[in-house]
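Here the structure is laid out as structure tokens; the discussion comes afterwards.
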Amino acid sequence: MPVIERARIAAALRRWLVAGLLVLAPLIVTLWVLDWVLSTLDQTLNILPEAWQPERWLGMRPPGLGVLLALAIVLGIGAFASNYVGNQLIGWWHALLQRIPVVRSIYSGVKQVSDTLLSEKGNAFRQALLVQWPRDGMWTIAFLTGAPGGDVARHLPPQDYLSVYVPTTPNPTGGYFVMVHRRDVVPLAMSVDEALTYVISMGVIVPGQRRGIASPEAP
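Residue numbers (our numbering): 193 to 411.
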């Protein structure tokens with residue numbers, strides 16, 4: 193077989209391999225994550241007493257029954273917390289945890305983050321930005337989270353600073369929290385979801401739609 197023909201076949205095989213990986217990789221990762229989440233939730237049945245285990249009554253453990261139990265527990269707690277009595281009891285529970293030195297720090301931080309991310313009024317990432325990171329001349333995607341306040345704001349120079357979260361790639365849940373001057377950030381037209389996709393894909397998926405660019409919102 194001529195060398196040129198072999199090179200052409202090798203190039204075609206390489207293209208097909210890359211195309212196959214691009215199709216299968218997101219699907220495999222998605223299925224793996226879903227399998228892990230569902231398997232973890234399915235272990236909720238382990239909290240039931242021995243006499244209530246489905247194996248005792250059915251001779252088997254129906255797949256997905258633990259997921260339904262976990263969903264029922266979450267809905268039940270949510271319904272309980274939404275009425276007056278439940279709200280008062282949960283408020284008492286929060287106050288109790290706030291009195292335990294080590295637990296207080298962990299619980300308060302997790303609660304504030306969860307309230308921000310899950311609350312209907314939450315707005316964790318307000319706008320996508322460009323910032324120079326980790327040094328001048330290098331740019332990365334960041335997200336506006338608010339403005340410095342309290343004792344931190346009092347110790348900063350009397351200028352207009354923003355609180356910014358710089359995510360890592362490809363896992364945006366790890367990152368850096370920095371406070372930068374408003375003049376040092378560049379607001380982006382892309383939405384927060386588009387910016388997160390851009391970060392997770394390591395710049396491979398580029399948002400194509402261009403809109404008008406607005407100044408960073410006032411926190």
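Every residue, glycine too, gets a C-beta built ideally from N, C-alpha and C.
Note down, in chain order, each residue of its chain lying with its Cβ closer than 7 Å to the Cβ of Leu250, except the 5 sequence neighbours on either side.
No residues qualify anywhere along the chain.
Which partner residues of Gln319 appear in the DSSP bridge assignment?
Note: Gln319 sits in a beta bridge opposite Leu336.
Would you tell me roughly how many angstroms separate the C-alpha atoms of Leu354 and Asp328, rounded to the nearest one?
Rounded to whole angstroms, Leu354 to Asp328 spans 18 Å at the Cα level.
Residue range of the beta strand (DSSP E) that Ser181 falls in?
Lying before the first or after the last residue shown, residue 181 is absent from the chain, which here runs from 193 to 411.
Shortest alpha-carbon distance to Thr332 belongs to which of Gln351, Leu348, Ser306 and Thr361?
Considering only alpha carbons, the answer is Thr361.
Is Leu336 closer than 8 Å to Met371 when the C-beta atoms are compared?
No.
Beta-carbon separation of Leu237 and Arg248 under 8 Å?
Cβ distance not < 8 Å, so Leu237 and Arg248 don't count as in contact.
In this structure, does DSSP put Val294 in helix, strand or coil?
Here Val294 sits in helix by DSSP.
Considering only the beta carbon of each residue, do Pro379 and Leu321 sit closer than 8 Å?
The answer is yes: Cβ separation under 8 Å.
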